[in-house]
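Before any comments, here is the structure.
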Amino acid sequence: MPKEVTKLPLGGPKDKPPHLPPPPPGKINPLVMNRPNPGGVPYGQLIKSFEDPGMVALTFDDGPFKYTNRLLDTLKNSGSIRGTFFVNGKNTGDLNGQGMMDVPKRMMAEGHQISSHTSRKWLNSRTPSMELLARSQPTCAPPNFDCNGKCMKLMGKMGYHVVGENLDTHDWKNMTNMQASKDIVGKAVDGADSKKNNFIALAQDIHEATVDQSAKHMLDKFKAKGYDSSSNHTAVTVGECLGDAPEN
Ligand SMILES: [Zn+2]
34 MPKEVTKLPL GGPKDKPPHL PPPPPGKINP LVMNRPNPGG VPYGQLIKSF EDPGMVALTF
94 DDGPFKYTNR LLDTLKNSGS IRGTFFVNGK NTGDLNGQGM MDVPKRMMAE GHQISSHTSR
154 KWLNSRTPSM ELLARSQPTC APPNFDCNGK CMKLMGKMGY HVVGENLDTH DWKNMTNMQA
214 SKDIVGKAVD GADSKKNNFI ALAQDIHEAT VDQSAKHMLD KFKAKGYDSS SNHTAVTVGE
274 CLGDAPEN
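If you count the sequence shown from 1, position 133 lands on 166 in our numbering, and the numbers rise without skipping.
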């Protein structure tokens with residue numbers, strides 16, 4: 034008997050029609066196939082920058098995990114900064130674990146973008162968290178950015194904007210020396226002009242040091258350079274930075 038899928042109370046304009054029957058083994062979840070691909074932002078090709086100056090997309094991948102709520106607190110307390118979470122489903126954390134679905138629900142409630150950083154296996158897993166990913170904004174960051182040729186073609190067919198970064202904080206490499214990661218961000222942001230430059234910054238919400246040290250540092254750096262809401266130049270979601278279609 035197929036496992037029953039709980040429909041998420043997503044609500045709002047981004048709500049999608051109810052799910053289709055489970056795909057046969059090996060096939061991609063029909064929820065993410067042949068979507069209408071609205072708007073002018075390309076699908077199925079790597080996007081590492083965007084046009085509007087002054088805007089910052091803070092992206093976090095590999096989560097959520099036990100520290101993610103603390104990061105959400107920091108973003109909220111720093112002037113309701115909105116970010117983008119490229120969610121795994123099951124990696125360091127497990128979205129199907131006890132209470133874990135409260136995290137993406139909070140993300141949505143606080144205006145963050147949830148996008149995919151997951152695998153075909155997970156998308157076909159027919160769990161509530163899979164539903165969440167299938168129904169989230171059709172943007173993905175391929176694990177390890179390892180997506181070329183065939184993979185990219187499939188991303189296009191699945192209707193995904195494939196998003197990379199132009200500021201990798203290398204937080205995961207610098208767990209015992211977060212200063213090194215802060216220096217990377219500091220150098221890039223200090224040398225930037227908020228009237229000309231924009232960023233897609235990448236970090237990971239699965240690391241305690243990222244959440245407790247580098248996230249706040251990054252926000253302060255951007256703010257000090259004029260990337261703040263008072264000038265309309267601020268950290269918003271990837272979708273907003275790219276000018277993605279409102280239907281997405
Ligand atoms: Zn990753």
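All C-beta atoms, glycine included, are put in the ideal place defined by N, C-alpha and C.
Practice task
Please classify Glu241: is it buried, with 16 or more other beta-carbons within 10 angstroms of its beta-carbon, or exposed?
Solution key: Exposed, since its Cβ has fewer than 16 Cβ neighbours within 10 Å.
Problem - Assigned secondary structure, Cys180 (DSSP; H/G/I helix, E/B strand, else coil) - result: coil
Problem - Local Cβ density within 10 Å of Ala268, reported as buried at 16 or more and exposed below that - result: buried
Problem - Best match in Asp245, Lys229, Val74 for proximity to Val89 [C-alpha to C-alpha] - result: Lys229
Problem - Stretch pair the stretch 124-141 + the stretch 159-173: three plus CB contacts closer than 8 Å - result: yes
Practice task
Return yes when the C-beta of Asp15 is under 7 Å from any heavy atom of ligand 1, and no when it is not.
Solution key: Outside the displayed range of the chain (34 to 281) lies residue 15, so it cannot be described from this structure.
Exercise for the section: Give a yes or no on whether the C-beta atoms belonging to His194 and Pro171 are separated by under 8 Å. Expected result: Between His194 and Pro171, the C-beta gap is smaller than 8 Å, which places the two residues in contact.
Handout entry: Bridge-paired residues (DSSP) for Ala234
Key = Leu91, Leu200
Exercise for the section: Return the chain-ordered list of same chain residues with a C-beta closer than 7 Å to the C-beta of Ala199, the five sequence neighbours on each side being excluded. Expected result: Residue 199 is actually Asn in this sequence, not Ala. Lys81, Ser82, Phe232, Ile233, listed in sequence order.
Handout entry: According to DSSP, residues forming a beta bridge with Ser149
Key = Val120, Cys173
Practice task
Report all residues from its chain with a CB closer than 8 Å to the CB of Asp288; omit the five preceding and five following residues, and keep chain order.
Solution key: For residue 288 there is no data in the structure shown, the boundaries of the chain being 34 and 281.
Practice task
Would you please state the rounded distance, in angstroms, between the beta carbons of Pro97 and Phe118? I believe it to be under 8 Å.
Solution key: Your pair Pro97 and Phe118 checks out as a contact, with CB atoms roughly 7 Å apart and the cut at 8 Å.
Practice task
Note down, in chain order, each residue of its chain lying with its Cβ closer than 6 Å to the Cβ of Met34, except the 5 sequence neighbours on either side.
Solution key: Low per-residue confidence applies at Met34: pLDDT is 38, beneath 50, and the placement is therefore not dependable enough to give any value.
Exercise for the section: Return yes when the Cβ of Asp94 is within less than 8 Å of the Cβ of Leu235, no when it is not. Expected result: The beta carbons of Leu235 and Asp94 sit closer together than 8 Å.
Handout entry: Coarse secondary structure for Asp261, derived from DSSP in three states
Key = coil
Exercise for the section: Whole angstroms is fine: what's the gap from Val136's alpha carbon to Trp155's? Expected result: 18 Å
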